[in-house]
Structure formats: structure tokens, C-alpha cells
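In the working numbering, the protein residues as written are 566 to 813. Below is one structure, written out as C-alpha cells; the observations come after it.
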Amino acid sequence: MAPFLGDWYGSLYSRWHRFVLPRLARRARLVIAPSEVVRGQLVDLLGAEESHTRVVPLGVDEGFADCADAERAAARHDLQGPYVLAVGTDLPRKNFALLDQVAAPLAREGLEVVIAGSSRAYMRSTAHTVRSLGYVAEEDLPGLYAGAAAFAMPSLYEGFGLPCLEAMACATPVVAADRSSLPETCGEAALLVDPGDADAFAQALLTAALEPSVRERLVAAGLKRAGRFSWDRTARSMDAVVRELLEP
């Protein structure tokens with residue numbers, strides 16, 4: 566839905582999706598969404614028949630766990646102090662520009678802001694001042710999550726927001742935007758903040774990272790929340806909706 570809702574991928578790409586997606590949605594016998602938010606958009610914006618839509622949430626890989634090797638990941642990426650982590654391809658909708666604004670107040674408390682994910686310079690609106698690790702191998706991600714003082718997801722739009730659950734599974738407190746599907750995915754297990762308010766986002770990250778009582782609550786709630794989402798559950802749900810479609 567992201568290309569349909571904004572020009573984050575370029576105007577031509579978005580126009581193509583705005584032409585094609587409604588036609589596909591209206592003709593499909595079954596449209597599967599990762600969240601109720603996306604399901605509603607399929608119906609309200611694309612014209613999909615509500616009875617033809619189903620929600621199948623994504624799952625968290627078993628490799629994301631609180632026992633991940635944080636020291637190894639930190640050593641491989643030369644992370645020598647406490648850090649706040651963001652994960653994702655550097656696209657405008659990810660709103661990583663906000664991290665440049667929160668970096669200074671976090672640095673005053675000894676926290677470095679780090680982005681892990683591939684960079685598409687032709688899609689970025691600005692260069693970042695915070696540290697970027699670039700593409701990170703899959704085997705390093707659990708350790709990076711586990712070693713982070715907090716995880717930041719300031720996205721303007723997410724259809725699901727899987728990195729939030731991956732961070733929770735690694736016992737890392739999460740601060741996420743209060744937009745799109747993120748409240749649905751995170752539930753009560755994250756601090757949800759306006760992604761346009763840099764001061765509020767910085768304060769939430771400091772609270773999640775440095776206040777023991779809040780951190781403890783978020784970690785416990787996050788582990789429980791992430792435990793509800795597995796790929797086995799996703800596969801079973803997908804199988805069920807496809808079987809429903811094929812029933813005479």
C-alpha cells in the first residue's frame with residue numbers, strides 16, 4: 566500500500582501503483598493483508614470486496630531471541646558504546662531524518678544512534694548525520710537488536726512493522742511511531758510517539774533506554790508480544806485462508 570499512499574518511491578512508480586492496484590483489488594477473489602489497517606485500506610481506498618479480504622500477520626524468525634550474541638555483533642560493526650538501533654532500507658517513508666534530530670540529545674546521555682540497512686541514495690531526501698552500518702547480514706541482526714539500548718521505528722507508514730517484533734524478541738525496548746499499523750503490531754509493548762515530534766521521540770528513546778522500571782516493563786511486554794507471532798502460525802493461517810478460497 567505504501568506506493569499507493571505516497572510518493573516515497575518516486576511519482577512515476579506511485580502513479581503506476583495507483584493505476585494498477587485498485588483494478589487488481591477489485592478483481593481478486595482473495596486479498597491477503599498483513600494487518601487490519603492494511604485490510605481497511607484495501608477496502609476503503611482500493612475498492613476490494615470486504616468479504617474477499619483476510620488478515621494474515623507476519624511472523625518472527627526463531628533466530629531473533631534474547632540469547633543472541635550481542636558482543637559478537639558489536640565487535641563486527643565496531644560498536645564501542647551504548648546505542649539506539651533503527652533497521653530498514655533508507656526510504657523517505659522510514660523517516661530516518663528524524664533520527665538526525667534526536668541524535669544530539671541522545672549523545673548527551675551517552676547513546677549513539679545507528680541505522681542498519683541498505684541505502685538507496687537516489688530515493689533519499691537528505692544525507693544523514695547519524696552512523697549508518699549499511700547492509701547487515703541476516704546472522705548479525707539478532708545480535709545488533711539484543712545489544713541495543715532501545716530500538717527506534719519512526720516510520721510514517723508501515724504495513725506491519727516486523728522489525729519492532731524482532732527487537733522485542735531480542736529483549737530490546739521499542740519506541741515506534743503512532744501511525745499506520747504500528748500501534749496494531751506493537752500493542753501495549755512499545756512507547757508510541759508522534760513521528761513528527763523530534764523532542765517527544767528523543768525523550769521516549771531516553772526513557773526506554775535509561776529508566777529501569779520502564780525498560781523492564783517494555784522488555785517483559787515485548788517478549789510476550791513477539792511470542793504471539795511465529796512463521797508457523799503465519800503458514801497455518803495462510804493455508805487456512807487458501808483452503809477456504811478453494812472450497813466448492
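Heads up, the beta-carbon is just placed ideally off N, CA and C, and yes, glycines get one too.
- By the neighbour-count definition (other C-beta atoms within 10 Å, threshold 16), G726 is a buried residue.
- Here E627 has no same chain residue with a Cβ atom under 7 Å from its own Cβ, once five neighbours each way along the sequence are excluded.
- Under DSSP, M718 forms a beta bridge with A741.
- Annotation: T618 is outside any alpha helix (DSSP H); the continuous beta strand (DSSP E) that includes it extends over 618–620.
- Note that the C-beta distance between A717 and V784 is not below 7 Å.
- Closest by C-alpha distance to D634, out of A713, V740, Q606, is A713.
- As a beta-bridge residue in DSSP terms, Y648 pairs with E677.
- If you check the CB distance, A734 and L770 do not come in under 7 Å.
- Residue state for L595 is assigned as coil, using DSSP reduced to three classes.
- Inter-residue distance for L644 and A741 is about 23 Å (C-alpha atoms, whole angstroms).
- The C-beta separation of V667 from A763 comes to about 6 Å, placing the pair in contact by the 8 Å criterion.
- The residue among A630, L586, G624, V625 with its C-alpha nearest the C-alpha of D609 is L586.
- Around T772, the same chain offers V779 as residues with beta carbons nearer than 6 Å, after the five sequence neighbours per side are excluded.
- Just measuring C-alpha positions, the residue of A590, G724, A736 sitting nearest R744 is G724.
- Between T654 and G682, the gap from beta carbon to beta carbon is short of 7 Å.
- CA-to-CA, the gap between R696 and Y710 works out to about 16 Å.
- Take the alpha-carbon of R641 and the one of P777: they are about 28 Å apart.
- Counting only residues of its own chain and dropping the five nearest sequence neighbours on each side, R790 has a CB closer than 6 Å to the CB of M733, G752, A754.
- In this structure L810 is exposed. Its beta-carbon is surrounded by fewer than 16 other beta-carbon atoms within 10 angstroms.
- Residue pairing for G712: DSSP places it in no beta bridge.
- Exposed is the label assigned to L589, since fewer than 16 other Cβ atoms lie within 10 Å of its Cβ.
- DSSP places L698 within a strand segment (E or B) once states are collapsed to three.
- Excluding the 5 residues flanking it on each side, R604 has same chain C-beta neighbours closer than 7 Å at A598, T618, V620, in chain order.
- Here the alpha carbons of L757 and V596 stand approximately 29 Å from one another.
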